[in-house]
Amino acid sequence: MLVLAAVLVPGTAMGQSKTYTCSFTEPFVRTVFDTHAGTMIVIHDVEKRRETLRGLSVSKVDGETVEVRGAGKKAIQRLARSYNGTDGMSDRVYPYEVIWTPGRRSLPATLYGGCESDTEKAK
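Residue numbers (this note's numbering): 5 to 127.
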């Protein structure tokens with residue numbers, strides 16, 4: 005898994021893990037995906053609670069786009085490096101635009117947001 009994640013994620017050196025933090029508005033939710041651990045922490049800011057999704061993987065779509073895949077290899081997040089990502093509320097510009105289909109009754113069917121990796125911080 006370590007080699008797979010390092011090879012498929014743009015800008016990641018062999019053997020290095022990468023973390024993507026994504027922010028969404030309405031509802032105020034953040035996700036933190038760790039490519040090495042294959043986990044995503046979902047942080048519900050208003051409710052002040054967290055949940056951890058396990059057994060996830062990452063797949064390269066093209067040179068600038070990756071997908072986070074859940075059970076059954078279904079894509080749950082698609083991150084495109086456009087340097088035009090937004091959380092929908094602030095004036096921050098994120099390196100990645102993200103589309104998230106959380107598959108949870110407590111969240112909308114699709115959320116749009118902005119992401120940064122631990123190696124590419126938002127401006």
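Just so you know, even glycine gets a beta-carbon here, dropped at the ideal spot from N, CA and C.
Inset, instruction - From the DSSP output, read off the bridge partner residues of Leu115. - result: Sequence index remark: in the sequence shown, residue 115 carries index 111 (1-based). For Leu115, which the question treats as bridged, DSSP gives the partners Trp104.
Legend entry - When Tyr116, Glu120, Val70, Val50 are compared against Pro99, the one with the closest alpha-carbon: Residue numbering aside, residue 99 sits at position 95 when the sequence shown is read from its first letter. Closest by alpha carbon: Glu120.
Inset, instruction - Give the DSSP-derived three-state secondary structure of Ala41 in the structure shown. - result: For this step, residue 41 is matched to residue 37 along the sequence shown. Ala41: coil per DSSP, three-state reduction.
Legend entry - Where Lys77 sits in the DSSP three-state scheme: In the sequence shown, the residue the question calls residue 77 occupies position 73. Helix at Lys77.
Legend entry - Rounded C-alpha distance that separates Ala84 from Val70: On the sequence shown, position 80 is the one that residue 84 refers to. On the sequence shown, position 66 is the one that residue 70 refers to. Each residue's CA atom was taken as its position, placing Ala84 and Val70 some 7 Å apart.
Legend entry - Cβ-Cβ separation, Leu57 to Val50 (assumed contact under 8 Å), whole Å: If you number the sequence shown from 1, residue 50 lands on position 46. If you number the sequence shown from 1, residue 57 lands on position 53. Rounded, the Cβ-Cβ distance is 19 Å, inconsistent with contact.
Inset, instruction - Give the DSSP-derived three-state secondary structure of Ser27 in the structure shown. - result: Against the sequence shown, residue 27 aligns to sequence position 23. It is a strand residue.
Inset, instruction - For Ser63, name the three-state secondary structure that DSSP assigns. - result: By 1-based counting over the sequence shown, the position of residue 63 is 59. Residue state, collapsed to three classes: strand.
Legend entry - Cβ neighbour criterion (16 or more within 10 Å) applied to Thr123: Here residue 123 is taken as the residue at index 119 of the sequence shown, counted from 1. Thr123 comes out exposed.
Inset, instruction - Would you mind reading off the limits of the beta strand (DSSP E) that contains Thr56? - result: The count along the sequence shown starts at 1 and reaches residue 56 at position 52. Where Thr56 is concerned, the enclosing beta strand (DSSP E) starts and stops at 53-57.
Inset, instruction - Kindly indicate which three-state DSSP category Thr69 falls into: helix, strand or coil? - result: Your numbering for residue 69 matches position 65 in the sequence shown. Three-state DSSP puts Thr69 in a strand.
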